[in-house]
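**Student:** Read top to bottom, the protein sequences are chains A and B. Numbering of the first sequence is given in numbering that gives the first Met the number 0, commencing with residue 0 and proceeding in unit increments. Numbering of the second sequence is given in numbering that gives the first Met the number 0, commencing with residue 0 and proceeding in unit increments. Ideal placement from N, C-alpha and C gives every residue a C-beta, glycine not left out.
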Amino acid sequence: MILSALRLSLLVSALATALVAVVGTWAGWILARREFRGRELLDALLNLPLVLPPTVTGYYLIVLLGRQGFVGGPIYRGTGWSVTFTWVACVIAGAVMAFPLMVRSARVAFEQLDRRHEIAAASLGHGRLSTFLRVSLPLARRGLAAGVILAAARSLGEFGATLMIAGNIPGRTQTLPLAIYDAVISGEDRTALWLSVLLTSVSVAVMIGAGRLGRGARKSS
Amino acid sequence: MSGGFDIDVVVERRPHKGGPFRLEASFRTGAGITVVFGPSGAGKSTLLMAVLGAMRPARGKIIVGGRTLFDSGASTSLKVRRRRVGIVFQDSLLFPHLDVTSNVAFGLLETPRKRRREKALAALETVGARDLARLMPGELSGGQRQRVALARALAPGPSALLLDEPFSALDASARKTLGDMLLALQRETGVPFLHVTHDLGEAMRLGTHLVVLDGGRVAQVGPPPQVVAAPASAATAEAMGTENLFSGTVRGHFPARGYSEVDLGGTVVETGLLDVPSGETVALGLRAGDILLAVEPVRGTSARNVLAGTITATGSRGTAIELHVATPVTFRVLVTTEAVDELGLRPGQGVHLLVKAHAFHRLL
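1. What do you reckon, are the CB atoms on B/G29 and B/G59 nearer than 8 Å?
2. Can the beta-carbon of B/A150 be found less than 8 Å from the beta-carbon of B/V103?
3. For the segment 100 to 119 of chain A, list every residue whose C-beta sits within 8 Å of some C-beta in chain B, in sequence order.
4. What does B/P38 touch in chain A if you count any residue whose Cβ is under 8 Å from its own?
5. B/F20 bridges to which residues according to DSSP?
6. Just to confirm the assignment: which complete beta strand (DSSP E) runs, minimum length 3, are found wholly within the segment 175 to 263 of chain B?
7. For B/L306, which residues in chain A fall below 9 Å Cβ to Cβ?
8. Answer yes or no: does any C-beta atom of chain A fall closer than 8 Å to that of B/R144?
9. With distances taken between CB atoms, is the gap from B/V79 to A/I118 smaller than 8 Å?
10. Would the segment 192 to 211 of chain A and the segment 32 to 47 of chain B be scored as touching if the rule is three or more Cβ pairs under 8 Å?
11. Determine the contact status of B/R13 and B/P19, defining contact as a CB-CB distance below 8 Å.
12. In angstroms, rounded to a whole number, what distance separates the CA positions of B/E109 and A/L123?
13. Excluding five sequence neighbours on each side, which residues of the same chain lie with their C-beta closer than 7 Å to the C-beta of B/M48?
14. What residues in the segment 61 to 74 of chain B bring their beta carbon closer than 8 Å to a beta carbon of chain A?
15. Less than 7 Å between C-beta atoms, sequence neighbours within five positions excluded: which residues of the same chain meet that for A/Y58?
16. Can A/T83 and A/G65 be called in contact, C-beta distance under 8 Å?
17. What residues from the segment 87 to 119 of chain B come within 7 Å of chain A, judged by C-beta to C-beta, listed N to C?
18. So A/R115 packs on B/L92, CB below 8 Å; how close in whole Å?
19. Do B/L353 and B/A282 have their beta-carbon atoms positioned less than 8 Å apart in this structure?
20. Does the count of Cβ pairs from the segment 62 to 72 of chain B and the segment 36 to 46 of chain B closer than 8 Å reach three?
21. At a Cβ cut of 9 Å, what residues of the segment 18 to 37 of chain A count as close to chain B, listed as they run along the chain?
22. Using a beta-carbon distance below 8 Å, is B/V339 in contact with chain A?
23. Rounding to the nearest angstrom, what Cα-Cα distance links A/I61 and A/G77 in this structure?
24. CA-CA distance, A/P52 and B/T196?
25. Taking DSSP as the reference, what is the three-state secondary structure of B/L444?
26. Please check if any C-beta of chain A sits within less than 8 Å of the C-beta of B/A53.
27. Out of A/R171, A/V203, A/L138, state which residue places its alpha-carbon closest to the alpha-carbon of A/S3.
28. Which residue comes first and which comes last in the beta strand (DSSP E) that contains A/N167?
29. Can you check which of these residues, B/A57, B/A159, B/G42, is closest to B/V9 by C-alpha distance?
30. Counting only C-beta atoms, is A/L197 closer than 8 Å to chain B at any point?
31. Relative to the alpha-carbon of B/R204, which residue among B/R361, B/T326, B/T45 has its alpha-carbon at the smallest distance?
32. Which bits of chain B does A/V134 rub up against, with CB to CB less than 8 Å?
33. Does A/Q111 pass the burial test, meaning 16 or more other C-beta atoms within 10 Å, or should it be called exposed?
34. Would you identify the three-state DSSP class for B/L353, choosing helix, strand or coil?
35. What separation, rounded to the nearest whole angstrom, lies between the Cα atoms of A/E157 and A/A20?
36. Should A/A97 be flagged as near chain B, meaning a C-beta pair shorter than 8 Å?
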């Protein structure tokens with residue numbers, strides 16, 4: 000049980016982080032570079048999961064993705080499959096909770112770039128995508144790496160929203176934080192202790208690994 | 000068709016630091032280096048950004064080397080990457096994550112991949128930076144960075160090159176070297192350069208054409224010696240920060256005594272020792288505020304030039320008064336209202352001007 004919870008936690012965290020890294024970088028770019036109506040509102044909405052209780056975020060996810068949800072309903076009626084109470088729901092919950100951290104880091108990283116670098120790239124014949132991939136992205140990599148680290152740590156420790164939308168099914172949707180909660184509730188103090196130590200160790204390992212990545216990126220600049 | 004810049008634009012910048020800004024620039028220059036000169040805030044950088052395509056003019060036309068880059072009448076506005084206009088910024092802005100060779104090869108999109116490196120090295124060769132090829136931008140000095148930035152901008156064979164105060168962060172000797180290199184590169188490539196600076200000496204030395212910009216408007220356009228010899232307006236002179244601009248002939252040098260003699264066209268003055276052969280023409284600047292004025296003949300002064308003259312005109316300039324004094328060459332002299340009242344200065348009156356030899360500074 001412990002092993003499956005650890006395996007699921009790492010898988011969920013890795014997938015959620017990958018998803019957040021791509022979408023969050025894009026969203027941060029839009030917020031940093033484009034001026035459009037409702038930009039501040041969009042920014043506030045994207046940051047909501049940071050301030051709302053995770054259970055509230057989880058509740059909204061049910062309303063959206065549940066069997067009767069706005070998006071989940073049609074999918075369920077069409078295919079008979081629902082995302083709720085599956086490991087995919089764990090990934091979604093982890094991604095949504097980690098998303099604001101990535102967007103913030105990415106936005107700040109892009110805002111700090113000297114736009115004239117992009118102008119220079121354009122004057123040398125490069126289009127928007129090429130300029131983004133060859134100039135903006137590499138120049139912002141430190142801030143982006145920091146965002147990825149934060150996102151990974153946040154999704155690894157996700158509890159509230161996951162509980163709401165994915166439940167707490169041992170072997171299927173029970174991640175490490177949920178397993179710890181179970182252990183404490185059922186008085187298995189030793190298990191709770193071991194799981195906590197395990198989660199702490201994994202987190203420390205992730206942070207050290209990510210920190211090394213960040214330093215490597217810095218060295219090559 | 001002109002081989003240089005044919006520009007007639009109105010650019011409005013949205014309120015930024017210190018409110019909205021409006022640039023109305025209209026000028027036409029031929030091949031060579033067009034120097035845009037003016038004090039900070041004159042609209043020089045705004046003009047560059049409009050030519051580059053990073054800022055869209057409210058209306059007007061931008062034609063560079065006969066190619067129309069922007070024409071509001073015909074709804075033409077080429078994208079930055081289609082303009083083939085290179086740029087060198089003040090702080091060079093090399094891509095810090097790429098080595099020197101990759102920086103220069105960055106714009107060689109039309110060159111087959113295999114040949115890019117070779118072509119980048121050739122471009123580095125032309126700016127004398129071949130030996131820097133493997134270094135990262137962070138390892139270069141300011142002058143080296145500007146060389147590489149020049150190579151990067153010129154490598155793809157642009158139809159024009161813009162330079163935004165490229166030497167302002169460099170020391171005097173690096174400026175001189177890079178200035179000479181710029182002149183040589185322009186001659187070799189034939190590409191028209193648009194060079195922005197607030198350094199009048201640099202403007203005089205590099206410019207084939209001089210465009211004086213002040214307060215968002217073109218104050219004067221012409222060959223530098225002509226603009227210097229006859230600033231069209233007080234605005235031009237003031238923009239240059241040197242109200243008195245003379246074109247003179249060097250009469251002789253007295254190295255042991257530390258001075259040179261220059262004929263300004265009827266008035267001979269002593270200046271600091273000049274590095275110009277006798278008989279050559281030299282452009283000298285002199286600030287109106289650096290001249291002393293006396294109503295009586297003065298003796299026992301260290302000022303090497305005591306010039307007798309006659310006041311021909313007076314006019315107010317802000318809180319001060321500007322006098323024109325014919326010696327016979329006309330000097331503009333800045334004095335306070337209090338001095339005018341106390342000395343009873345008026346047109347027709349004979350006065351003496353006191354000018355230190357070193358108050359004259361060489362512009363060309």
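**Tutor:** Here's the rundown:
1. Not closer than 8 Å, so no.
2. Taking 8 Å as the cut-off, the Cβ atoms of B/A150 and B/V103 count as close.
3. Those would be D113, R115, H116, I118, A119, in chain order.
4. Within 8 Å Cβ-Cβ: nothing; B/P38 doesn't reach chain A, min ~22 Å.
5. Paired residues: B/R12.
6. With a minimum length of 3 residues, the continuous beta strand (DSSP E) runs that stay inside the segment 175 to 263 of chain B are 192 to 196, 208 to 213, 216 to 221, 243 to 253, 258 to 262.
7. For B/L306, none of the residues of chain A pass the 9 Å Cβ criterion, the least Cβ distance being about 49 Å.
8. No, its Cβ sits nowhere closer than 8 Å to a Cβ of chain A.
9. In this structure, B/V79 lies near A/I118, with their beta-carbon atoms less than 8 Å apart.
10. With contact defined as three or more Cβ pairs closer than 8 Å, the segment 192 to 211 of chain A and the segment 32 to 47 of chain B are not in contact.
11. Yes, the pair counts as a contact, with Cβ atoms nearer than the cut-off.
12. In this structure, the CA atom of B/E109 is about 11 Å from the CA atom of A/L123.
13. Closer than 7 Å at Cβ, skipping near neighbours: M54.
14. Under the 8 Å Cβ criterion, the segment 61 to 74 of chain B contributes no residue.
15. Taken in chain order, the residues that qualify are M163.
16. Pairing A/T83 with A/G65 gives a Cβ-Cβ distance under 8 Å.
17. Hits within the stretch, in order: F88, L92, F94, P95, H96, F105, G106, L108.
18. A/R115 to B/L92, Cβ: 5 Å. Contact.
19. Using a Cβ distance threshold of 8 Å, B/A282 and B/L353 do not count as a contacting pair.
20. With the cut-off at 8 Å, the segment 62 to 72 of chain B and the segment 36 to 46 of chain B do not touch.
21. Under the 9 Å Cβ criterion, the segment 18 to 37 of chain A contributes no residue.
22. Output row for B/V339: interface = no.
23. In this structure, the CA atom of A/I61 is about 18 Å from the CA atom of A/G77.
24. Computed Cα separation, rounded: 57 Å.
25. Outside the shown range of chain B, which is 0 to 363, sits residue 444 of chain B, and nothing can be said about it.
26. Closer than 8 Å to some Cβ of chain A, the Cβ of B/A53 qualifies, so yes.
27. Ranking the options by Cα distance to A/S3, first place goes to A/R171.
28. It is not in any beta strand (DSSP E) - A/N167 carries neither H nor E in the DSSP assignment.
29. Nearest C-alpha to B/V9: B/A57.
30. No - not a single Cβ of chain B is within 8 Å of the one on A/L197.
31. If we check each option's Cα against that of B/R204, B/R361 comes out closest.
32. Simply F94.
33. Taking all protein chains shown into account, A/Q111 has fewer than 16 neighbouring C-beta atoms within 10 Å of its C-beta and is therefore exposed.
34. Strand at B/L353.
35. The alpha-carbon atoms of A/E157 and A/A20 are separated by roughly 17 Å.
36. Judged by the 8 Å Cβ criterion, A/A97 is not in contact with chain B.
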